[in-house]
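**Q** My numbering puts the first residue of the sequence shown at 9, with every later residue one more than the last.
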Amino acid sequence: MAGFGSDGASVMVGCRNGVATQLKRMEPMIVSTHCVAHRLALAVGQVEKDMPVVKRFNAAL
9 MAGFGSDGAS
19 VMVGCRNGVA
29 TQLKRMEPMI
39 VSTHCVAHRL
49 ALAVGQVEKD
59 MPVVKRFNAA
69 L
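#1: On the CB-based measure, 16 or more other CB atoms within 10 Å of its CB, does A68 come out buried or exposed?
#2: Nearest by alpha-carbon distance to M18: which of A10, V27 and G11 is it?
#3: Excluding the 5 residues preceding and the 5 following L31 in the sequence, name in chain order all residues of the same chain whose CB lies nearer than 6 Å to its CB.
#4: Helix, strand or coil for G26? Go by DSSP, reduced to three states.
#5: May I have the straight-line CA-CA distance separating P60 from A51, to the nearest angstrom?
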């Protein structure tokens, strides 16, 4: 079993020439996923725009 995690950028997961697509050509059973930690960071960044308290909390961490 093989897996590939990325930040979701088109160069990494593009359907024509992305790294994940190229790896899948070499290894059809590979599993490609958008990194959960990166997805969480993107979501928190969006929440910070609407809820300043979340931004202050993250700054305190």
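All C-beta atoms in this analysis are idealised placements derived from N, C-alpha and C, irrespective of residue type, glycine included.
**A** Looking at the atomic coordinates:
#1: For the purposes of this step, residue 68 is identified with residue 60 of the sequence shown, where counting begins at 1. Exposed: under 16 other Cβ atoms inside 10 Å.
#2: Working through the sequence shown from its first residue, we reach residue 18 at position 10. The question names Met, yet the displayed sequence has Ser at residue 18. It is V27 whose Cα lies nearest to the Cα of S18.
#3: To locate residue 31, count along the sequence shown from 1; it is residue 23. The residues are F12 and I38.
#4: Here residue 26 refers to the residue found at position 18 of the sequence shown. Coil.
#5: Residue numbering aside, residue 60 sits at position 52 when the sequence shown is read from its first letter. Residue numbering aside, residue 51 sits at position 43 when the sequence shown is read from its first letter. Roughly 14 Å between the two C-alpha positions.
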